[in-house]
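Trainee: Start counting the sequence shown at 987; every next residue gets the next number (my numbering). Below is one structure. I have some questions about it.
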Amino acid sequence: MYVCENCGKKIEKIDKFITCPYCGHKIISKERPPVMKRVKAE
Ligand SMILES: [Zn+2]
């Protein structure tokens, strides 16, 4: 799953040309799955 950096819509399928089908934006980032790891940062 990917997310358009411009309109924030989710895009499921991406081929070689990574463009947002909604707004045509070319910067698409991978959606980060929620990480359930607990890290102590103290
Ligand atoms: Zn978009």
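Positions of the beta carbon are idealized from the N, C-alpha and C atoms, including for glycine.
To the nearest angstrom, report how far apart CYS993 and LYS1023 are at their CA atoms.
Mentor: 29 Å
Trainee: Roughly how many angstroms lie between the CA atoms of LYS996 and HIS1011, to the nearest whole one?
Mentor: Between the C-alpha atoms of LYS996 and HIS1011 there is a straight-line separation of about 12 Å.
Trainee: Consider the C-beta atom of LYS1016 and the heavy atoms of ligand 1; say whether any pair is separated by less than 6 Å.
Mentor: no
Trainee: Does the distance between the C-beta of TYR1008 and the nearest non-hydrogen atom of ligand 1 fall short of 6 Å?
Mentor: Yes, since a heavy atom of ligand 1 falls inside the 6 Å radius drawn around the Cβ of TYR1008.
Trainee: Keeping to the same chain, check which residues put their C-beta closer than 7 Å to that of CYS990; ignore five residues upstream and five downstream.
Mentor: ILE997, CYS1006, TYR1008, CYS1009, HIS1011 and ILE1014
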